[in-house]
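Going by the working numbering, the first residue of the sequence shown is number 75, and it counts up by one from there.
The C-beta atom is built at its ideal place from N, Cα and C for all residues, glycine as well.
All figures in this text were calculated on a predicted structure; none of them were measured in a lab.
These notes concern the structure reproduced below.
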Amino acid sequence: MRIALYGKSFDSEYDCLMSRLLEVLKESNVKLLVYEHFSSLVASVSDVDYEMFDSYSQLVGKADMLFSFGGDGTVLDSLPLVRDSEIPVFGINMGRLGFLSSVSANEAEEAVRNILKGNYMIDSRFMLQVVGDSFPSSDVNYALNEISVLRSEIGGLIVVTVYVDDLLVNTYWADGLILATPTGSTAYSMSAGGPIMAPDTKSFVITPVSPHNLSVRPVVIPDKSVIRIKVDGRCNAFSLGLDSRKILVDKSLE
């Protein structure tokens with residue numbers, strides 16, 4: 075089995091756990107790939123052999139699964155590396171929020187042993203992808219929770235026009251707009267008044283953020299839809315969020 079290890083940091087209280095998990099993987103002759111910026115932490119707790127990776131191209135086709143060490147933010151940060159490769163992600167919670175990384179430190183060794191025996195199920199979740207002319211970077215255009223379009227400066231609303239399968243849905247005067255998956259329906263979208271959807275729902279939700287018109291409400295649409303968004307306003311750019319990643323985008327981009 076080939077397993078990729080991803081993380082950013084962890085507290086020293088988890089040193090023994092990391093050392094033990096790496097020993098379990100070593101005993102099972104697992105071929106390890108370690109994220110380059112995580113490798114020094116791995117090396118500090120174990121002498122296990124591994125290869126390093128730091129991009130999607132170095133991971134796809136070389137790993138059967140990715141282990142994420144951290145909280146939910148770490149799982150989300152691993153997505154640019156996994157993207158559409160369908161590599162399963164297994165989250166071990168060493169952070170604060172453990173909704174996606176639901177296996178606790180106390181359960182980690184048993185869970186890893188079960189994975190090595192093939193005793194696991196894959197829970198499929200779909201992702202969102204941003205496509206646009208002159209989009210800044212293909213490394214960040216995937217999201218598991220949500221894509222958000224927000225004003226880039228304090229003061230003044232933005233005008234967001236939304237088309238679904240080339241049909242006009244609405245023009246929103248608001249602080250922004252959230253396009254959330256069922257997985258992300260319990261995150262930013264929910265805090266903005268969006269509905270909670272079951273993870274296997276074949277839909278996603280468009281949720282306005284602080285709309286000027288109080289009659290505007292979230293809209294649930296089929297997951298096969300193609301959504302086109304046009305942003306206008308006083309500023310020349312807007313903030314585009316893909317889960318925890320934020321970039322500034324020219325308003326001419328659709």
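For residue i, name the three-state secondary structure that DSSP assigns.
i	result
M139	strand
P296	strand
V104	coil
R170	coil
D306	strand
D146	helix
R331	Here the chain comprises residues numbered 75 to 328, so residue 331 is not present and cannot be evaluated.
Y109	strand
Y246	strand
S259	helix
Considering residue i, what are the terminal residues of the alpha helix (DSSP H) in which it resides?
i	result
E184	A182 to L190
M126	Looking at the DSSP string, M126 is not in any alpha helix (DSSP H); the run it does join, the beta strand (DSSP E), is E125 to F127.
P154	L153 to V156
L340	With the chain covering only 75 through 328, there is no way to say anything about residue 340.
Y130	Y130 to L133
Y262	Y262 to S265
Quick test of your reading: residue i and residue j, contact by CB under 8 Å. State the CB separation rounded to the nearest angstrom.
i	j	result
V294	P273	Between P273 and V294 the Cβ distance is about 15 Å, and since that is not below 8 Å, they are no contact.
S152	Y262	With 8 Å as the limit, S152 and Y262 do not qualify as a contact, their Cβ atoms being about 19 Å apart.
L316	V214	6 Å
W247	N287	7 Å
L96	E125	Not really, about 14 Å apart at Cβ, beyond 8 Å.
L327	G206	5 Å
Just to confirm the assignment, what range does the beta strand (DSSP E) spanning residue i have?
i	result
Y80	R76 to G81
A311	A311 to L316
S198	No beta strand (DSSP E) contains S198, which DSSP labels as neither H nor E.
V214	That residue, V214, is in no beta strand (DSSP E); it is neither H nor E in DSSP.
Y237	I232 to V238
Tell me, please, whether the CB atom of residue i is closer than 8 Å to any CB atom in chain D?
i	result
F143	Absent from the structure: chain D. Only one protein chain is present.
Just list the residues that DSSP pairs residue i with in beta bridges.
i	result
P282	L251
F84	Answer is none; F84 lacks a bridge partner.
F164	F141
S222	I252 and G315
D324	A311
L288	Partner(s): none; L288 has no beta bridge.
I301	V238
V177	I166
Please determine whether the Cβ atom of residue i lies at a distance below 7 Å from any heavy atom of the ligand FMN.
i	result
R308	Of ligands this structure carries none, so the ligand FMN is not represented either.
Exercise for review: Determine contact between the stretch 133-148 and the stretch 167-180, defined as no fewer than three beta-carbon pairs at a distance below 8 Å.
Suggested key: Cβ pair count under 8 Å is three or more, so yes.
Practice item. Would you check if there are 3 or more beta carbon pairs closer than 8 Å linking the stretch 250-265 to the stretch 215-233? Key: Taking one beta carbon from each stretch, the stretch 250-265 and the stretch 215-233 have 3 or more pairs nearer than 8 Å; the two touch.
Practice item. Answer yes if the stretch 172-184 comes into contact with the stretch 112-132, meaning at least three C-beta pairs across the two stretches below 8 Å, and no otherwise. Key: Touching, no, given that fewer than three Cβ pairs across the two stretches are closer than 8 Å.
Review point. Should the stretch 180-200 be called in touch with the stretch 91-107, which here means at least 3 C-beta pairs below 8 Å?
Key: Taking 8 Å as the limit for Cβ pairs, the verdict is that the stretch 91-107 does touch the stretch 180-200.
Check your understanding: How do the stretch 295-305 and the stretch 232-244 stand: do at least 3 beta-carbon pairs fall below 8 Å, yes or no?
Key -> Yes, since at least three Cβ pairs between the stretch 295-305 and the stretch 232-244 fall closer than 8 Å, the two stretches touch.
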